[in-house]
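J.: There's a structure below that I have some questions on.
In full-length UniProt numbering, the protein residues as written are 1 to 85.
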């Protein structure tokens, strides 16, 4: 399973949707994921990929990690995985 597929599966689970309902253009808001759901998604992604996402839920605007849509999240995770390697 690719990084993209795993991330989509995690986000879909948090949104209580099928992975096929999550597109790369989807925003977390479109999917009905609130701030608590975002934090839970980040924890699940960090655990799945053994990475640390530089995101501060208390100050999301100050984060360098782009959460504007699913594609941006996947790209950010791919970058973190490459940096870790």
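All residues carry an ideal CB built from backbone N, CA and C; glycine is no exception.
Which two residues bound the contiguous alpha helix (DSSP H) that contains residue 7?
T.: Per DSSP, residue 7 belongs to the alpha helix (DSSP H) from 3 to 15.
J.: Roughly how many whole angstroms lie between the Cα atoms of residue 53 and residue 74?
T.: Going from the Cα of residue 53 to the Cα of residue 74 covers about 12 Å.
J.: CA-CA distance, residue 42 and residue 36?
T.: Cα to Cα, residue 42 sits roughly 10 Å from residue 36.
J.: Contact defined as beta carbons within less than 8 Å: I believe residue 51 pairs with residue 80. What is the distance between those atoms, to the nearest angstrom?
T.: Contact holds; Cβ gap of about 5 Å.
J.: Kindly list the residues whose CB is nearer than 8 Å to the CB of residue 117, restricted to its own chain and excluding five residues on each side of it in sequence; keep chain order.
T.: Residue 117 lies beyond the residue range present for the chain, which begins at 1 and ends at 85; the question has no answer from this structure.
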